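K.L.:
Position one of the sequence shown corresponds to residue 71 (my numbering), numbered consecutively onward.
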Amino acid sequence: MQYDNRDELPDSVKNNLPKHAQEIYQEAFNSAWDTYEDPSDRKGDDDRETTAHKVAWSAVKGSYSKNDNGNWVKSNS
């Protein structure tokens, strides 16, 4: 199931990521949900939802990282 808006995102995303990172997560999740519909397109035994969450977190980590206080902040690179 895709996320139509940020309010539908998992609490672990809503409660930890800044707004822009949530938008990245949502877009990446929805794209992966479409891309990995067919199980043969996925690696390992992960289901469609698990795969989409992994892709979304990877997308967030491309632009954000945790600082020393454990907060997600925009990366300098």
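Glycine included, every Cβ here is placed at the ideal spot set by N, Cα and C.
Computed from a prediction, not measured in an experiment: that's the story for all the values here.
Ignoring anything shorter than 3 residues or poking outside the region 112-147, list the beta strand (DSSP E) runs there in chain order.
P.N.:
Within the region 112-147, the complete beta strand (DSSP E) runs of at least 3 residues fall at 134-136, 142-144.
K.L.:
For V125, which residues in the same chain have their Cβ closer than 6 Å to its Cβ, ignoring the five residues on either side in sequence?
P.N.:
Taken in chain order, the residues that qualify are A98, A102.
K.L.:
Could you have a look at D81 and say whether DSSP puts it in helix, strand or coil?
P.N.:
helix
K.L.:
Decide if Q92 is buried, meaning its Cβ has at least 16 other Cβ atoms within 10 Å, or exposed.
P.N.:
buried
K.L.:
Residues in its own chain within less than 7 Å of T121 by CB, not counting five upstream and five downstream?
P.N.:
A102, Y106, R112
K.L.:
Taking just the CA atoms, how far does K136 sit from H90?
P.N.:
15 Å
K.L.:
Please report the distance separating the alpha-carbon of E77 from that of S133.
P.N.:
According to the sequence shown, residue 77 is Asp rather than Glu. Approximately 21 Å between the Cα atoms of the pair.
K.L.:
Out of curiosity, what's the CA-to-CA distance linking S128 and Q96?
P.N.:
Straight-line Cα distance between these residues: approximately 12 Å.
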